[in-house]
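Counting from 1 along the sequence shown, just add 43 to a position and that's the residue number in the numbering used here.
No residue lacks a Cβ here, since even glycine has one placed at the ideal position from N, Cα and C.
Fair warning: this is a prediction, and the values are worked out from it, not measured in the lab.
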Amino acid sequence: MTIVLTGASSGIGEEAAKQLAARGARLCLVARREQELERVQDDIHRKGGQAWIYPTDLTNADSITTSLDAILHEHPRVDALVNNAAHSIRRPILEALDRIHDYERTMQLNYIGAVRMTMGLIPRFLEQGRGQVVNASTLSAQVPIPLFSAYLASKAALDSYSRSLNAELGHKGIQATMVYFPMVRTPMSNRTEIYKHMRMMSVEDAAGWIIKALRDRPARVGKPLGTLGSLVLAAAPGPAVKLTQPFFRRMDKNLKAKLKKK
Ligand SMILES: NC(=O)c1ccc[n+]([C@@H]2O[C@H](COP(=O)([O-])OP(=O)(O)OC[C@H]3O[C@@H](n4cnc5c(N)ncnc54)[C@H](OP(=O)(O)O)[C@@H]3O)[C@@H](O)[C@H]2O)c1
């Protein structure tokens, strides 16, 4: 199985690349930092696995085209794309009133970058009569969590695109899977200081969710809490937001207090 995996230089993507290679998959590793990609590739090669690197800036159309051309040229079959690269921003809406670039940057990478990669591989998937797109998302896209408006909007767009893919191309063997991770201990979550002492999923377990998505090809991988959150949000969006906000405020307060203590 040949898998194109974005965001392979760090966190969940790096661990997923290693676990998938250990199971015999051929990995095309995509991210900006070439040295970090080489480090992951070396590790995979040392353990007998197969990996190729494609340094790419997913916010740049030309860079994506160059990498996609190389991937399609060098790999006669591509079975799956994992759109895992992303940038997260935690900022109140009121502190982002003069920061439209927060919204532009997250959309450019988390949504447009993922869609460009998908569009580039769809023709190959159609030729093969089979292909899969796994999109990394967050549990926070299923529950009304505050402070992540730019990030969550980009993940919601990806969600909608995935549903359309399944509706339009499912019968041609193309399957899209959304993976709704809870908080995972990675460089991304470590950037937010108040999350320092929060209990989080390990990268090993998170990578396991990507493997499950690739193996079982479901429309969604996530926690039952996320499914419940989506149901409540769909049925009663007003009350759902009102009722959950005191909980999130208390959670932030507790995390800040913990941070001060330690
Ligand atoms: N960590 C969490 O708590 C958490 C929770 C829910 C969902 N998620 C989702 O899980 C996925 C992986 O997150 P993570 O925590 O593993 O993040 P991470 O450790 O920060 O890794 C992000 C990856 O994205 C790549 N990337 C960033 N900007 C890029 C660009 N312009 N072009 C190409 N690649 C770029 C980075 O590589 P370079 O810097 O080398 O380009 C890196 O490999 C994301 O989709 C995230 O939204 C994470």
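For ligand 1, is there any heavy atom lying closer than 6 angstroms to the beta carbon of Asp86?
no
Does DSSP put Leu70 in a helix, in a strand, or in coil?
strand
Would DSSP call Arg142 helix, strand or coil?
coil
Between Leu124, Ser183, Arg263 and Val125, which has its C-alpha nearest Val197's C-alpha?
For clarity, residue 197 is Ser in the given sequence; the question names Val instead. Taking only the C-alpha atoms, the option nearest Ser197 is Ser183.
State yes or no: is the C-beta of Thr220 within less than 7 angstroms of the C-beta of Leu152?
no
Would the C-beta of Asn127 count as close to ligand 1, meaning under 6 angstroms from any of its heavy atoms?
Under cutoff, so the answer is yes.
When you compare only the Cα positions, how much space is there between Ala64 and Met160?
21 angstroms
Based on Cα-Cα distance, which residue from Ile253, Gln185 and Gly251 lies nearest to Gly272?
The shortest C-alpha separation from Gly272 is found at Gln185.
Is the beta carbon of Val83 within less than 6 angstroms of some heavy atom of ligand 1?
no
Relative to ligand 1, is the shortest distance from any of its heavy atoms to the C-beta of Gly56 smaller than 6 angstroms?
Taking non-hydrogen atoms of ligand 1 into account, the C-beta of Gly56 is found less than 6 angstroms away from one of them.
Check this for me: beta carbons of Leu201 and Asn233, under 7 angstroms apart or not?
no
Is the separation between the beta-carbon of Arg167 and that of Val125 shorter than 7 angstroms?
No. Outside cutoff.
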